[in-house]
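Sequential numbering from 83 applies to the sequence shown in this note's numbering.
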Amino acid sequence: MNLKNKKEYSLPFFGRDITITVSDLAGQANASVIGQYGDTTVLVTTVMGKEDRAIDFFPLTVDYEERFYAAGKIMGSRFVRREGKPSLEGVLSGRLIDRTIRPLFNERLRRDVQVVVTVLSYDEQNDPDFIALLTASTALSISDIPWAGPVAGVRVAYNGAEIVMNPTLSQTQELLVKKGTGEAFFAGVSDKINMIELEGREIPEAKVQNIFEEAQKQIAQLVAFQQTIVKELGKPKTEVALVQDDVTITTAVRSFTYDKLQTAIYAPDGATRDVQMKELRVGLYEHLAGLGIDDTATAERVLEQVINEVVHINIIEKEKRPDGRKVDEIRPLYAEVGLLKRLHGSAVFFRGQTQSLAVTTLAAPGAEQIVETIENTSKRRFMLHYNFPPYATGEVGRLGTPGRREMGHGALAEKALRAMIPAKEVFPYTIRVVSEIVSSNGSSSMASVCAATLSLMDAGVPIEKPVAGIALGLATHQGYNPASTATEFKVFTDLQGFEDYYGDMDLKIAGTRDGLTAIQMDLKIEGITPEIFAEGVRQAHDARMKILDVIQAAIPAPRKELSPFAPVISILQINPDQIGLVIGAGGKMINGIIEQYGLETIDIDDDGSVFVAGPDRAKVDAAVAYIKNLTKEFVVGEVVTGEVIKLLDFGAIVDLGGGKDGMVHISEVKNGFVDKITDVLKLHQTVTAKVVKVEEGKIGLSIKALAPTSPQKPKPEL
């Protein structure tokens, strides 16, 4: 790539070269970098706003832009041949980068920072996420934007025998087809991991810990590579004014609230805590007013810091959690199935105040979702969607299309269950599960996994094993004091909302009794060590076993029968050459069969698999019989039975079913001479005959071939 003022850096990495190019391209951004791995190429730009915003959070935006031209495709609506809103996969890729880079920004920064990743070229083998994160990190590192990177990430596969770093798409597609395998993306700084996405087919927990350590080694190498670029091209970081707290206000807030928080935070339930915290705030503002302080924004920010410190110190030093639970204790669990009879499958799962109502809907194969991205065009026959209405947290809010959070939580729950969904050949239904979060107090995505498992089993979906999920939190000294060098930490089970807000980690782990199916981790601190991760995996295992006990107490196994309101589906196999025969000219034949038998759909795969779906078994069976007759391939020697539908001077036409007929020549009606066909056969008579000829679609029959042969008289001796 020839660009003006180009500087290029390369690193061999597992069989392909990483190439980082910095040039004048997109020169008005704070930094612009092109990254290439194989023939997959991305452009990443980073821009920081010119003015601080009057808000109480750091405004970071990561946009991941998939361009159809990157894969040499023209896609989109037939009438709008261009990119629309980001695909689910694009949203998840953007979230992956966001979750990795965000902990390295100072949360007191109040200027907009936008990272835009544009996929320029995709070679259908090398994952854009890998090079996109590396390039984004490089761009932030060499820019003048205050940031504490670099970071990097690697995709890792485990094939049941060995760990494979940065597998190609072809290698990844071979995974997740047998037990004990998995693929993941680990990211972080040189000596700590701060983001994990993993999907497995009951991958062993010990192996996941090995993958954690191996990924860390490769990330360190990638960070070192970036540091060489930063030394040569890095700009001085802009000195941006960070939000500062007035010392007088800080002292006043701490002195008034620190001891009172020891009571207010540690209430028996969230509602009581809310009341106590509201009363504390009212008292604080009255106290500050008496001191002549009216800066409530600073007072509120300082109060949040004090709450954060109290929560951390009590968990680390006393194992004291806000609701009084032990560090490995799960909130009360409840599960129930079969809520509404007209639903194909339904269930609720409660874990404390977090409640998921899950509903399973079954449909014919034609209801599969068509997915078009630059990476592939495929179909999804299992979908899990997640809804989070405002009433789930007792709030008034706007209802609308799912946001990035809802899409991410649904994708995680779907990932956790995907390995247990039966193959299409075994269970030919399209399956959609919807998790309605009707009440939330932490870890609603893992509640969705549990409720979805219950709902699937209630619907009679023969999932291989039940799946359960749990979220774990973390308290470290760095969580309230980033400058601390103390190494003590506490991992705690079943993260509730208050702990999620003030804690350092959200580690979600799902699996069966025999292994892991999904992991997702987000951090607010720089990263975690293998020791922290190992403790999280251990606690998750113990919690998962308890949750699975509750699930299987509610419904021990998938129901043997489907709901009477679910469609009936039968599968038959035809010769692929006969697909056109079943469809007919302009779909006339297939539509006629659907109408004649009152079916919902008939779906045909390219391999000749035919899926007949209808409202009841009798109609489906009748349609299947018709299609079998229609596509039946007769062979010489086969015995058939049919009705005489036409008489000719030289023979008779016999209906063989499925729109096919055969002819009995007059010489094949019986042994001996036949003068007129009507002397032997009558119209509408049922006859049995043997197939004696199959030629170019024409079938010749013989009735006399089935007649007993008369014994021959011995010839007289001469």
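Where a beta carbon is used, it is the ideal one built from N, C-alpha and C, also for glycine.
Backbone secondary structure at residue i - three-state DSSP
| i | result |
| --- | --- |
| Gly427 | strand |
| Ile456 | coil |
| Ala446 | coil |
| Thr380 | helix |
| Met130 | strand |
| Phe755 | coil |
| Glu386 | helix |
| Asn87 | coil |
| Asn112 | coil |
| Leu730 | strand |
| Ala705 | helix |
| Lys497 | helix |
| Ala302 | helix |
| Leu800 | The pLDDT assigned to Leu800 is 46, lower than 50, so where the model puts this residue is not dependable; a value taken from the coordinates is nonetheless given after this. If DSSP states are grouped into helix, strand and coil, Leu800 belongs with coil. |
| Asn248 | coil |
| Ile637 | coil |
| Arg413 | coil |
| Arg514 | strand |
| Glu488 | helix |
| Ile785 | coil |
| Gly524 | coil |
| Ile629 | helix |
Residue of the options minimising C-alpha distance to residue i
| i | options | result |
| --- | --- | --- |
| Val751 | Tyr584, Thr713, Lys764 | Lys764 |
| Leu257 | Gly668, Gly282, Ile633 | Gly282 |
| Glu643 | Asn657, Val543, Thr567, Leu577 | Val543 |
| Lys89 | Thr443, Asp194, Ile102 | Ile102 |
| Val769 | Ser223, Phe755, Ser784, Gly779 | Ser784 |
| Leu125 | Phe140, Ala152, Phe139 | Ala152 |
| Gly744 | Ala474, Val717, Tyr240 | Val717 |
| Ser225 | Val115, Lys260, Leu142, Asn241 | Val115 |
| Ala288 | His369, His559, Gly618, Glu361 | Gly618 |
| Met130 | Asp540, Ala113, Ser652 | Ala113 |
| Val384 | Gly374, Thr345, Phe338, Arg355 | Phe338 |
| Leu466 | Leu170, Val144, Asn87 | Leu170 |
| Gly270 | Ser252, Ala230, Pro286 | Ala230 |
| Gly666 | Pro640, Tyr348, Thr713 | Thr713 |
| Ala707 | Arg620, Leu738, Lys606 | Leu738 |
| Ala533 | Tyr416, Val573, Lys506 | Tyr416 |
| Leu178 | Ala221, Phe267, Lys461 | Phe267 |
| Pro228 | Val195, Ile519, Ile675 | Val195 |
| Asp576 | His623, Leu324, Gln634, Ile610 | His623 |
| Leu421 | His559, Gln326, Thr442 | Thr442 |
| Ile412 | Ala705, Met627, Ile347 | Met627 |
Status (buried if at least 16 other CB within 10 Å, exposed otherwise) for residue i
| i | result |
| --- | --- |
| Arg403 | buried |
| Thr330 | exposed |
| His394 | buried |
| Gln435 | buried |
| Asn657 | exposed |
| Arg193 | buried |
| Met277 | buried |
| Gly235 | buried |
| Asp180 | buried |
| Ala323 | exposed |
| Ala306 | exposed |
| Asn711 | exposed |
| Asp631 | exposed |
| Asp689 | exposed |
The ligand FMN heavy atom lying under 7 angstroms from the CB of residue i
| i | result |
| --- | --- |
| Glu507 | Because no ligand of any kind appears in the structure shown, any question about the ligand FMN cannot be addressed here. |
Beta bridge counterpart(s) of residue i as assigned by DSSP
| i | result |
| --- | --- |
| Ala266 | Val238, Leu280 |
| Val145 | Per the sequence presented here, residue 145 reads as Asp, with Val not at that position. Asp145 is bridged to Val198. |
| Thr723 | Thr770 |
| Leu93 | Ile100 |
| Ser272 | According to DSSP, Ser272 bridges with nothing at all. |
| Lys461 | Ile452 |
| Arg193 | Asp134 |
| Asp737 | Glu725, Asp743 |
| Ile156 | In DSSP, Ile156 forms no bridge with anything. |
| Gln437 | Phe432, Ser521 |
| Lys775 | Gly782 |
Minimum Cβ-Cβ distance from residue i to chain D less than 8 angstroms
| i | result |
| --- | --- |
| Ile651 | In the structure shown, chain D does not exist; there is a single protein chain. |
What beta strand (DSSP E) runs, 3 residues minimum, are completely inside the stretch 531 to 615?
550 to 558, 571 to 575, 587 to 593, 598 to 605
Minimum length 4: unbroken alpha helix (DSSP H) runs contained in the stretch 652 to 681
661 to 665, 670 to 679
For the stretch 303 to 383, which segments carrying the alpha helix (DSSP H) assignment without a break, of at least 4 residues, lie completely within its bounds, in sequence order?
329 to 346, 352 to 372
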